[in-house]
Amino acid sequence: MVSETQSNTSEAIKFLCSYGGIIHPRSTDGKLRYVGGITRVLSVDRSISFTELIVKLDEFCGYSVTLRCQLPNGDLDTLISIKSDEDLTNIIAVYDEAALMSKSAPSKIRAILSPPKSLNQISPNTSTVNLSSSKSSGSCSPVST
Numbered sequence: 001m002v003s004e005t006q007s008n009t010s011e012a013i014k015f016l017c018s019y020g021g022i023i024h025p026r027s028t029d030g031k032l033r034y035v036g037g038i039t040r041v042l043s044v045d046r047s048i049s050f051t052e053l054i055v056k057l058d059e060f061c062g063y064s065v066t067l068r069c070q071l072p073n074g075d076l077d078t079l080i081s082i083k084s085d086e087d088l089t090n091i092i093a094v095y096d097e098a099a100l101m102s103k104s105a106p107s108k109i110r111a112i113l114s115p116p117k118s119l120n121q122i123s124p125n126t127s128t129v130n131l132s133s134s135k136s137s138g139s140c141s142p143v144s145t
């Protein structure tokens, strides 16, 4: 099992990213659904750091985002907040393990992107340093609402 996981390290991973919509209960059974917005696929190298991924997602959406991921075969009521390299590594491992258990190709990681709850909690100096230290060639900045 370790050798299969190690062989996956050079492959790309895909995120199924939804943003600009809302999580809303379905009227018929109350099950949560993502309604509205845009859903796109983002493919990145498995070696990407959390900071690099967030910069790509910010560019992808056009504004600063927080990243929450759905567990494989999970519902939207148990989204996992991804806030560090360790969190990112763990969610990738969970999806890899699910693929091994089902003997299928790894599925896309379901990602719900949303604006930070409060941009006031982010230090302007920290945001600038994180964005400018990124290996990404593009730049992005939060959009005022």
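Note that full-length UniProt numbering numbers the sequence shown so that position 145 is 145, with each residue one more than the last.
Don't be surprised by glycine CBs; every beta carbon is placed ideally from N, CA and C.
It should be emphasised that the depicted structure is a prediction, and the values quoted were computed from it without experimental measurement.
May I ask you to report which of helix, strand or coil DSSP gives residue i?
| i | result |
| --- | --- |
| Tyr-95 | helix |
| Thr-78 | helix |
| Leu-71 | coil |
| Asp-58 | helix |
| Asp-87 | helix |
| Thr-51 | helix |
| Ser-18 | strand |
| Ser-107 | coil |
| Pro-124 | For Pro-124, the predicted structure reports a pLDDT of 49, less than 50, and the residue's modelled location is therefore unreliable. The matter cannot be settled from this model. |
| Ser-102 | helix |
| Asp-45 | strand |
Within the 7 Å Cβ cut-off, does residue i reach chain D?
| i | result |
| --- | --- |
| Ile-80 | The question asks about chain D, but that chain is absent: this structure has only one protein chain. |
Go ahead and label residue i buried or exposed: buried means 16 or more other beta carbons lie within 10 angstroms of its beta carbon, across all protein chains shown.
| i | result |
| --- | --- |
| Ala-111 | buried |
| Val-41 | exposed |
| Asp-96 | buried |
Compute the distance between the beta-carbons of residue i and residue j, then report whether it is under 7 Å.
| i | j | result |
| --- | --- | --- |
| Lys-83 | Leu-16 | no |
| Glu-47 | Tyr-34 | Here the sequence assigns Ser to residue 47, which means Glu is not the residue at that position. Taking 7 Å as the Cβ cut-off, Ser-47 and Tyr-34 do not qualify as a contacting pair. |
| Val-65 | Asp-58 | yes |
| Asp-45 | Ala-99 | no |
To the nearest angstrom, report how far apart residue i and residue j are at their CA atoms.
| i | j | result |
| --- | --- | --- |
| Leu-67 | Glu-86 | 14 Å |
| Leu-88 | Ile-80 | 10 Å |
| Leu-71 | Leu-53 | 18 Å |
| His-24 | Tyr-63 | 22 Å |
| Gly-30 | Ile-22 | 14 Å |
| Thr-28 | Asn-73 | 21 Å |
| Val-55 | Val-94 | 23 Å |
| Leu-113 | Gly-20 | 8 Å |
| Asp-77 | Ser-104 | 25 Å |
| Gly-37 | Lys-117 | 18 Å |
| Asn-61 | Met-101 | One point to set straight first is that residue 61 is Cys, not Asn, in the sequence displayed. If I take the Cα positions, the gap works out to 33 Å. |
| Arg-26 | Leu-32 | 6 Å |
Which same chain residues end up closer than 6 Å to residue i when comparing Cβ atoms and leaving out the 5 residues on each side of it in sequence?
| i | result |
| --- | --- |
| Ser-49 | Asp-85 |
| Lys-14 | Val-41, Ser-43 and Lys-108 |
| residue 198 | Here the chain has residues from 1 to 145 only, and residue 198 is not among them. |
Can you give me the Cβ contacts of residue i inside the same chain, cut-off strictly under 7 Å, excluding the 5 residues immediately before and after it?
| i | result |
| --- | --- |
| Pro-115 | Tyr-63, Ser-64 and Val-65 |
| Ile-91 | Cys-69, Ile-80, Ile-82 and Ile-109 |
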